[in-house]
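Structure first, commentary second.
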Amino acid sequence: MSRPNTNTDIENIDVHRTSANEIQFPEDPETSGGKPSKPRRKTINLLPWNIALTVAVIIVSILVIYELFYTTRFSAISQNLFIKVNVIAMAALLIIDLIVFLAIRTKRPVILALASAILLIGVGAGGYAAYALTKVDTNLEEITAKEHDTDINISLVIYTKSSGDIIMDVEDLSGKKVGGVDGTDAATIGKARLEAEGITVNYQNYLSFAETFKALITEEIDCAILPANYASAIGTEEQLEPYIVDTAAILTFKESVVQTGTDGAAKDLTVEPFTVLITGENEGLADSIIVVSVNPLSMKVTMTSIARDSFVPITCYNYASSKINSAHAVSEGCLVDTVEYMTGIDIDYTVEFNFASVIQVVDAVGGVDVYNPIEFMGQCWDVESDSLVVLPIPAGDVHLNGQQALGFVRERYAFEEGDFARQLHQQAVIEQIVKRVMDTRDPNTYLKILDAAGANIRTNLSTDQMVQFVSYAMKKAKRYYEPGNPVGVMNIINSRINGWAAQKWDDSLGMYLYVYFPFDGASVDTYNYVQNNIDLYATASVPTDVSWSAASAEYVPPAISADWYDGEVGATVIGGPPVEEEVTEPEETSVPESQPAVEQTPVPE
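Note that the working numbering numbers the sequence shown so that position 198 is 478, with each residue one more than the last.
Here's what the structure looks like:
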């Protein structure tokens, strides 16, 4: 017997199948020392391979079906894309099943290897897709959850220039006056901490953190319960900012609390008009307040800004007047009720965001394009280090990244219009974000947006409501004459509630404080305009001051409210220091000389 050729290809090897799940290969003569012998065959048991392939096919099939079923809830955003993805996924699944069937049926090593490789890729891709979808679901649940866990950082603050007893530690507060804002998480947690430490104090309640801080530096109280970042929050009060350096925290701690949001309205956003209160939160206060109304039939949108320094009745302060941004420090519900009381507009939904969300969402959409009239150094924020950074914001038509966009929407001192310029910039950036979200078809962009929004944005809109409205707006955008500008399908009207500024005397501080009084007429005009937008049966009216011709370069819609209401302007200086009365010396008067006593004549009986 001649020696077998050891270089024979695998196709020429005598392969025998001994059973349905076994393959025999002839033994290499080299392994037997080259001695002629009766060929012995090695048997490979394919049953484990078949089981593994079958299990892998089941896993891939489950992943594909789960992903197709799950993404159905988002199919309204892009039905064409959803159909294409479904067809491709089902075709790929059928091909995989066919290859695995052939591998098991033919038992050919090449087909077995191919099936194994395809299934390995399928399991990996399906696993990643399932992870991405789970992450999307987690972010959406976090954004729309009515209850969410929040870490509250609190400080017990003292005035270092106090003329009272020296306070160095929490134990020194026993029997002292401690102030806070009832209804806020800070006050609730702070009082609980003192009680847990066994320290009895004389607690004083104030309307706001600014009022509490004032009470501290005027020595009405010995300690104030404030947010740990109180320096930033109080720093927005120009008259109080100089006193911050003379304060110190004797204790700073963190507690996790469950915050409960307000319920959203049960509306079909594709046919029913609705309102949204958009709030930019900073250090517990409302840094930006915008009332939005949307009519889905006409796609007319109004955006009305309310100055954060507006001095109005706060509902949860028993209607005592204070700056409207302090209402948010108590709760979201307090701010909603206060805005409703101020404007008369019923708020259907709320959206709240913080600094980090502005930076990350703007970066996720690839930046925003805005017009900046003058160059300035913007106060931005570094998310990684959680610290303030100062960056130049160039002038002109500029493209801004997330950090620059934050500096742009926060700045007011660089502009002659002050807070009005900031309100306009906030609305411009919101419009840009909406435009870029509607314009994108990249799933990765949506994932980045949801990642950015998950921990930083809260809303009581449901996921289904948001998906339905975005889908509805995109369908309308397809019929718009300018495909490259999908947000153009919306007729966005920007406005603000104007008022007048005044200096209000504060007896406790012995100085004037800046306040802003909104015009009642501006609130009434805003209410009427918004009601006209959200009332499906309202009669369209054209303002009498509209003047436009075909020769005009651009039509500028009339303002919702006037800049000035002469009949409402009050005093620009309210109160003042007590006037010291001039003390005058009494005039000397001549004292008449005593007269001799007059003899009394007895009265006869």
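Note that the Cβ used here is the ideal one computed from N, Cα and C, for glycine as well.
Leaving out the 5 sequence neighbours to the left and right, which residues in its chain are closer than 8 Å to E748 when beta-carbon positions are compared?
-> First, the residue type needs correcting, since residue 748 is Gln and not Glu in the sequence shown. Once the five neighbours on either side are set aside, the close Cβ partners of Q748 are A356, D548, L549 and T550.
Can G459 and I497 be called in contact, C-beta distance under 7 Å?
-> no
Could you give the C-beta distance for I434 and A508, rounded to a whole number, given that I count them as a contact under 8 Å?
-> 6 Å
Alpha carbon of I737 to alpha carbon of H428, nearest angstrom | 11 Å
Is Q783 helix, strand or coil when you go by DSSP?
-> strand
When we look at the beta-carbon of T334 and count the other beta-carbons within 10 Å, is it buried (16 or more) or exposed?
-> exposed
Give, in chain order, every unbroken run of the alpha helix (DSSP H) that is at least 4 residues long and sits entirely within the region 555-633.
-> 607-610 and 612-623
Under 8 Å by Cβ, that's how I've got A466 and I438 pegged, so tell me the actual separation to the nearest angstrom.
-> Not a contact, Cβ separation roughly 16 Å.
Counting along the chain, where does the beta strand (DSSP E) carrying K886 start and finish?
-> Residue 886 lies beyond the residue range present for the chain, which begins at 281 and ends at 885; the question has no answer from this structure.
Go ahead and pull the three-state DSSP assignment for E834.
-> Note that E834 scores 48 on pLDDT, short of 50, meaning its location in the model is unreliable and no value can be drawn from it.
C-alpha distance - A397 paired with V380, whole-angstrom precision = Cα atoms of A397 and V380: separation of roughly 11 Å, rounded to the nearest angstrom.
Counting pairs of beta carbons, one from the region 398-407 and one from the region 340-349, are three or more of them closer than 8 Å?
-> yes
Quick one: grab the DSSP three-state call for D429.
-> strand
In the DSSP assignment, what are the bridge partners of H679?
-> D649
Specify the secondary structure class of K456 as computed by DSSP and reduced to three states.
-> coil
For I345, name the three-state secondary structure that DSSP assigns.
-> helix
Burial state of W661 (16 or more Cβ within 10 Å) = buried
When you compare each of R759, R776 and N778 to V769 by their alpha carbons, which one comes out closest?
-> R759
Exposed unless 16 or more other CB atoms sit within 10 angstroms - verdict on D449 | exposed
In whole angstroms, what is the alpha-carbon distance linking I729 and V574?
-> Taking the straight line joining both Cα atoms gives about 23 Å.
Meets three-Cβ-pair contact criterion under 8 Å: the region 841-852 and the region 791-801 = yes
Around the C-beta of K603, are 16 or more other C-beta atoms found within 10 angstroms, so that it is buried, or is it exposed?
-> buried
Given a cut-off of 7 Å, decide if R776 and Q683 are closer than it, judged by their beta-carbon atoms.
-> no
Would you report the Cα separation of K755 and G463, rounded to the nearest angstrom?
-> 45 Å
What does Y796 pair with, by DSSP beta-bridge criteria?
-> Assignment of beta-bridge partners to Y796 by DSSP yields S590 and A781.
Measure the Cβ-Cβ separation of T542 and S742 and say whether it is below 7 Å.
-> Taking 7 Å as the Cβ cut-off, T542 and S742 do not qualify as a contacting pair.
Contact set for I391: own chain, Cβ-Cβ below 8 Å, skip 5 residues either direction = I379, L382 and A383
Proximal residues to Y809 (C-beta, below 7 Å), its chain only, five neighbours per side dropped = T582 and I840
Any idea if H705 is buried or exposed, counting beta-carbon neighbours within 10 angstroms, 16 or more meaning buried?
-> buried
With respect to the beta strand (DSSP E) encompassing T464, which residues constitute its N-terminal and C-terminal limits?
-> No beta strand (DSSP E) holds T464; DSSP gives it neither H nor E.
In chain order, which continuous runs of the beta strand (DSSP E) of length 3 or greater are located wholly inside the region 695-739?
-> 737-739
Which of helix, strand or coil DSSP assigns to Q484 | strand
Does the beta-carbon distance from A607 to I625 come in below 7 Å?
-> Not a contact, by the Cβ cut-off of 7 Å.
Should P553 be labelled buried (16 or more other beta-carbon atoms within 10 Å of its own) or exposed?
-> buried
Quick one: what does DSSP say N774 is sitting in, helix, strand or coil?
-> strand
Please classify V619: is it buried, with 16 or more other beta-carbons within 10 angstroms of its beta-carbon, or exposed?
-> buried
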